[in-house]
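Enquirer:
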Amino acid sequence: DKLESCQFIIFGGTGDLTHRKLIPAFYNLLDQGLLPEEFSIVATGRSIDNREEYLASLYQSLHKFVKKEIKEDIWNALQKKIYYKSFDILNEGGYQNLKKILDEKSQSKARRIFYLAMPPRFFGTIVSSLEKYKLLDFSKPSWPKVVIEKPFGYDLKSATELNQQITGVFPEENIYRIDHYLGKEMLQSMMMIRFANLVFEAVWDNKYIDNIQIISNEKVGVGQRGGYYEKSGALRDMVQNHMLQILALTAMEAPADMSTESIRAEKIKVLKSLADLDIEQIDSYVIRGQYDVGKIDGEEVTAYWNERNVADDSSTETFVALKLFVDNLRWSGVPFYIKTGKRLPNKVTKVIIEFKSSFHPSYHKEFNDLSPNLLVIKIQPEEGISFEFNAKKPGTKAKIVPVKMDFCQNCQVGFNSPEAYERLIHSVIIGDQTLFTHWDEVEYSWRFVDQIAQAWSESKSQLPSYPAGSNGPKEVEELLKRDNRKWWE
Ligand code: BG6
Numbered sequence: 004d005k006l007e008s009c010q011f012i013i014f015g016g017t018g019d020l021t022h023r024k025l026i027p028a029f030y031n032l033l034d035q036g037l038l039p040e041e042f043s044i045v046a047t048g049r050s051i052d053n054r055e056e057y058l059a060s061l062y063q064s065l066h067k068f069v070k071k072e073i074k075e076d077i078w079n080a081l082q083k084k085i086y087y088k089s090f091d092i093l094n095e096g097g098y099q100n101l102k103k104i105l106d107e108k109s110q111s112k113a114r115r116i117f118y119l120a121m122p123p124r125f126f127g128t129i130v131s132s133l134e135k136y137k138l139l140d141f142s143k144p145s146w147p148k149v150v151i152e153k154p155f156g157y158d159l160k161s162a163t164e165l166n167q168q169i170t171g172v173f174p175e176e177n178i179y180r181i182d183h184y185l186g187k188e189m190l191q192s193m194m195m196i197r198f199a200n201l202v203f204e205a206v207w208d209n210k211y212i213d214n215i216q217i218i219s220n221e222k223v224g225v226g227q228r229g230g231y232y233e234k235s236g237a238l239r240d241m242v243q244n245h246m247l248q249i250l251a252l253t254a255m256e257a258p259a260d261m262s263t264e265s266i267r268a269e270k271i272k273v274l275k276s277l278a279d280l281d282i283e284q285i286d287s288y289v290i291r292g293q294y295d296v297g298k299i300d301g302e303e304v305t306a307y308w309n310e311r312n313v314a315d316d317s318s319t320e321t322f323v324a325l326k327l328f329v330d331n332l333r334w335s336g337v338p339f340y341i342k343t344g345k346r347l348p349n350k351v352t353k354v355i356i357e358f359k360s361s362f363h364p365s366y367h368k369e370f371n372d373l374s375p376n377l378l379v380i381k382i383q384p385e386e387g388i389s390f391e392f393n394a395k396k397p398g399t400k401a402k403i404v405p406v407k408m409d410f411c412q413n414c415q416v417g418f419n420s421p422e423a424y425e426r427l428i429h430s431v432i433i434g435d436q437t438l439f440t441h442w443d444e445v446e447y448s449w450r451f452v453d454q455i456a457q458a459w460s461e462s463k464s465q466l467p468s469y470p471a472g473s474n475g476p477k478e479v480e481e482l483l484k485r486d487n488r489k490w491w492e
């Protein structure tokens, strides 16, 4: 991996994301020797006046968000690379000032990475001002780069507009659209699990697989993000991006090679193949819900509508479960069940592959409760894989019990998976777009999700609620029961 010298410019440098994820990631990258020799971070923001104050606030956050003890020498080396500029992105004079600082800090005007850790309504203004005030030098291929945080639009229309604003300045190969789930270790492992193991890939289709479940449960509520979440809800916040990305990696064909282009091409095909939904029947296979008061870890928590910046009569969903199909030869007839929500009992993300229940005919006659084979890819908090199969119950003449082979990656002593943002920032620096979403992926995901959002906006049906700490609205069990299936949790 080549580490070319570069400048990293953060818009939204005083925000939550910078404190919680970006600076801790830089700290860890520096600790591992994964930052270029010549490197600087120029952070801009509004709520802090000067560099000293800014560094002090970062130092505090490091202690809070880096999971190990902070090494003072690493922090000292890092802070020397960080500059701060109080900056109002709407004030045009600011860009000329910023340009001066950037030019002073580095000779190379061509290798700049602009990180937009801001609400998307500012993206257009920022990129056009960067161009207008000549902060961009496109003389080196693939440089400068722009990194964009979610949400990428509110629907296909707004996402397209946003994309036009950005691609009006930056070519696609310079754009890094973040989906932080792609930085998670086990999702990166998904292709290897599939394509480096004959025993899995040989049975990875509708002949052998009964259904696939993609689950991402959260314990947390909406916290301080009510303002954003009210307009988003679980469908836009989780399904449009993270859940459909997991699905794309699970369902894609083997790429021609391991290049970014080939991998993305296969993911795009999956998202393009998502079957249209029958809008008339939407309530029977897309379940939504909103958390009510309840208990999490024994502690009383408030209802969603009572959270900060949330309307008392809010109809925003904090839970979605749905059944969808991928309309291609490999997956024809195999349902994919997706489920995600806030204020559920456990934090867990996993993919469950349920194989068909075809056994020796005489076993079918003799045992009526044989378990299907299950392959579980555990994404978080535990990272690993388990495989469940049937064996003879020891000590009996002919009883069958399900048994489990379990590989836990992050249970190994001394093992510490890199945080998603570490991997992602490093990828930006080395110019690897594999873990970022191409516009076509965003487009097809919105096309799919828009159908649901549209149907909901016209629907007269009530939004069910579920007690915080429960497994979601009761309709969610029904979704699978109707198909003679169950959630494997
Ligand atoms: C974010 C969503 O993209 O992902 C949040 O906006 C959600 O609402 C978060 O809590 C979940 O991420 P993780 O890494 O904790 O599973």
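Residues in the sequence shown are numbered consecutively from 4, following full-length UniProt numbering.
Ideal Cβ placement from N, Cα and C applies to all residues, glycine included.
Since this is a predicted model, take the numbers as computed values, not measurements.
Tell me whether Thr399 counts as near the ligand BG6, meaning its Cβ is closer than 7 Å to at least one heavy atom of that ligand.
Expert: Working through the sequence shown from its first residue, we reach residue 399 at position 396. Incorrect: Thr399 has no Cβ contact closer than 7 Å to the ligand BG6.
Enquirer: How do the region 410-425 and the region 223-243 stand: do at least 3 beta-carbon pairs fall below 8 Å, yes or no?
Expert: No: the two stretches stay apart, fewer than three of their Cβ pairs being nearer than 8 Å.
Enquirer: Within the chosen definition, does the region 370-381 reach the region 332-350 through at least 3 CB pairs nearer than 8 Å?
Expert: Not touching, per the Cβ criterion.
Enquirer: In this structure, how does DSSP classify Lys108 when only helix, strand and coil are distinguished?
Expert: Stepping through the sequence shown from its first residue, residue 108 is reached at position 105. Of the three classes helix, strand and coil, the one that applies to Lys108 here is helix, per DSSP.
Enquirer: Among Trp78, Gly297 and Asp281, whose alpha-carbon lies nearest the alpha-carbon of Phe328?
Expert: Position 325 of the sequence shown holds residue 328. Nearest option by C-alpha distance: Asp281.
Enquirer: Where do the N-terminal and C-terminal ends of the alpha helix (DSSP H) with Met408 fall, by residue?
Expert: Position 405 of the sequence shown, counted from the start, is the residue given in the question as residue 408. Careful: Met408 lies outside any alpha helix (DSSP H), inside the beta strand (DSSP E) at Ile403 to Cys411.
Enquirer: According to DSSP, which residues form a beta bridge with Thr343?
Expert: Taking the sequence shown and counting its residues from 1, the one referred to as residue 343 is at position 340. Paired residue(s): Ser219 and Val323.
Enquirer: Mind checking whether Lys359 and Gly472 have CB atoms under 8 Å apart?
Expert: By one-based count along the sequence shown, residue 359 stands at place 356. By one-based count along the sequence shown, residue 472 stands at place 469. Contact flag unset, no.
Enquirer: How is Arg426 classed by DSSP in three states: helix, strand or coil?
Expert: Residue mapping note: residue 426 aligns to position 423 of the sequence shown, counting from 1. Residue state, collapsed to three classes: helix.
Enquirer: Using 7 Å as the cut-off, classify the Cβ of Gln383 as near or not near the heavy atoms of the ligand BG6, replying yes or no.
Expert: By one-based count along the sequence shown, residue 383 stands at place 380. Within the cutoff, so yes.
Enquirer: Give the DSSP-derived three-state secondary structure of Phe370 in the structure shown.
Expert: On the sequence shown, residue 370 is found 367 positions in, with the first residue counted as 1. In this structure, Phe370 counts as coil in the three-state DSSP scheme.
Enquirer: I'd like the ranges of any beta strand (DSSP E) spanning at least 3 consecutive residues and lying wholly in the region 66-153.
Expert: Those beta strand (DSSP E) runs which fall completely within the region 66-153 and span 3+ residues are 85-89, 115-119 and 148-151.
Enquirer: Buried or exposed: which applies to Glu310, given that a residue is buried once 16 or more other Cβ atoms fall within 10 Å of its Cβ?
Expert: On the sequence shown, position 307 is the one that residue 310 refers to. Counting Cβ neighbours within 10 Å, Glu310 comes out buried, since at least 16 surround it.
Enquirer: If I follow the unbroken alpha helix (DSSP H) through Thr47, where does it start and stop?
Expert: Position 44 of the sequence shown holds residue 47. Looking at the DSSP string, Thr47 is not in any alpha helix (DSSP H); the run it does join, the beta strand (DSSP E), is Phe42 to Gly48.
Enquirer: Between the alpha carbons of Glu107 and Leu139, how many angstroms are there, rounded?
Expert: Taking the sequence shown and counting its residues from 1, the one referred to as residue 107 is at position 104. Taking the sequence shown and counting its residues from 1, the one referred to as residue 139 is at position 136. If I take the Cα positions, the gap works out to 15 Å.
Enquirer: Let me check you understand the geometry: is the CB of residue 562 closer than 7 Å to at least one non-hydrogen atom of the ligand BG6?
Expert: Any answer about residue 562 is impossible in this case: the structure gives the chain only from 4 up to 492.
Enquirer: Is any heavy atom in the ligand BG6 found nearer than 7 Å to the beta carbon of Asp19?
Expert: In the sequence shown, residue 19 corresponds to position 16, counting from 1. Not under cutoff, so the answer is no.
Enquirer: Quick one: Cα of Ile116 to Cα of Gln191, how far?
Expert: Locating residue 116 in the sequence shown gives position 113, where the first residue counts as 1. Locating residue 191 in the sequence shown gives position 188, where the first residue counts as 1. Straight-line Cα distance between these residues: approximately 23 Å.
Enquirer: Whole angstroms are fine: how far does the CA of Phe29 sit from the CA of Val313?
Expert: On the sequence shown, position 310 is the one that residue 313 refers to. On the sequence shown, position 26 is the one that residue 29 refers to. Between Val313 and Phe29, the C-alpha separation is close to 34 Å.
Enquirer: Is the beta carbon of Thr128 sitting closer than 8 Å to the one on Met246?
Expert: For this step, residue 128 is matched to residue 125 along the sequence shown. For this step, residue 246 is matched to residue 243 along the sequence shown. It is not a contact, given that the beta carbons lie outside the stated cut-off.
Enquirer: Ignoring anything shorter than 4 residues, give me the alpha helix (DSSP H) runs that lie fully in the region 230-313, in order along the chain.
Expert: The qualifying runs are 247-254, 263-275 and 285-288.
Enquirer: If you reduce the DSSP assignment to three classes, tell me which class Glu492 lands in.
Expert: Sequence index remark: in the sequence shown, residue 492 carries index 489 (1-based). Here Glu492 sits in coil by DSSP.
Enquirer: Val354 and Ile266 - do their beta-carbons sit closer together than 8 Å?
Expert: Here residue 266 refers to the residue found at position 263 when the sequence shown is read from its first residue. Here residue 354 refers to the residue found at position 351 when the sequence shown is read from its first residue. Against a cut-off of 8 Å, the Cβ pair of Val354 and Ile266 comes out as no contact.
Enquirer: Contact check, Leu165 vs Pro123 under 8 Å by CB: the rounded distance?
Expert: Taking the sequence shown and counting its residues from 1, one reaches residue 165 at position 162. Taking the sequence shown and counting its residues from 1, one reaches residue 123 at position 120. Yes, they are in contact, since the Cβ atoms of Leu165 and Pro123 sit about 6 Å apart, within 8 Å.
Enquirer: I need the DSSP call for Asn214, collapsed to helix, strand or coil.
Expert: Here residue 214 corresponds to residue number 211 of the sequence shown, with the count starting at 1. Of the three classes helix, strand and coil, the one that applies to Asn214 here is strand, per DSSP.
Enquirer: Confirm, please, whether the CB-CB distance from Ile218 to Thr321 is below 8 Å.
Expert: Sequence index remark: in the sequence shown, residue 321 carries index 318 (1-based). Sequence index remark: in the sequence shown, residue 218 carries index 215 (1-based). The answer is no: Cβ separation not under 8 Å.
Enquirer: Just to confirm, does Thr321 get its C-beta within under 7 Å of one of the non-hydrogen atoms of the ligand BG6?
Expert: The residue given as residue 321 occupies position 318 in the sequence shown. The answer is no for Thr321.
Enquirer: From this set, Lys88, Glu357 and Ser8, which residue's C-alpha is nearest Glu55's C-alpha?
Expert: Here residue 55 refers to the residue found at position 52 of the sequence shown. Of Lys88, Glu357 and Ser8, the residue nearest in Cα terms is Lys88.
Enquirer: Using alpha carbons as the reference points, say which of Glu492, Gly171, Gly48 and Ala306 lies closest to Val223.
Expert: For the purposes of this step, residue 223 is taken as residue 220 along the sequence shown, with counting starting at 1. It is Ala306 whose Cα lies nearest to the Cα of Val223.
Enquirer: Val479 to Ser460, Cα distance in whole Å?
Expert: Residue mapping note: residue 479 aligns to position 476 of the sequence shown, counting from 1. Residue mapping note: residue 460 aligns to position 457 of the sequence shown, counting from 1. In a straight line, the C-alpha of Val479 is about 20 Å away from that of Ser460.
Enquirer: Do Lys153 and the ligand BG6 come close, with the Cβ less than 7 Å from some heavy atom?
Expert: Counting from one through the sequence shown, the residue named residue 153 turns up at place 150. Yes, Cβ of Lys153 sits closer than 7 Å to a heavy atom of the ligand BG6.
Enquirer: From Cys411, Asp279, Phe392 and Arg49, pick the residue whose C-alpha is nearest to that of Pro405; which is it?
Expert: What you label residue 405 is simply residue 402 of the sequence shown in a count that begins at 1. The residue with the shortest Cα to Cα distance from Pro405 is Phe392.
Enquirer: Expressed to the nearest angstrom, what Euclidean distance is found between the alpha-carbon atoms of Gln293 and Pro467?
Expert: Against the sequence shown, residue 293 aligns to sequence position 290. Against the sequence shown, residue 467 aligns to sequence position 464. Rounded to whole angstroms, Gln293 to Pro467 spans 6 Å at the Cα level.
Enquirer: Do the CB positions of Tyr98 and Tyr57 come within less than 8 Å of each other?
Expert: Sequence index remark: in the sequence shown, residue 98 carries index 95 (1-based). Sequence index remark: in the sequence shown, residue 57 carries index 54 (1-based). Cβ atoms of Tyr98 and Tyr57: not closer than 8 Å.
Enquirer: What's the gap between the Cα of Ser430 and the Cα of Pro39?
Expert: As a working note, residue 430 is residue 427 in the sequence shown. As a working note, residue 39 is residue 36 in the sequence shown. Taking the straight line joining both Cα atoms gives about 13 Å.
Enquirer: Helix, strand or coil for Phe29? Go by DSSP, reduced to three states.
Expert: Here residue 29 is taken as the residue at index 26 of the sequence shown, counted from 1. Reduced to three states, the DSSP call for Phe29 is helix.
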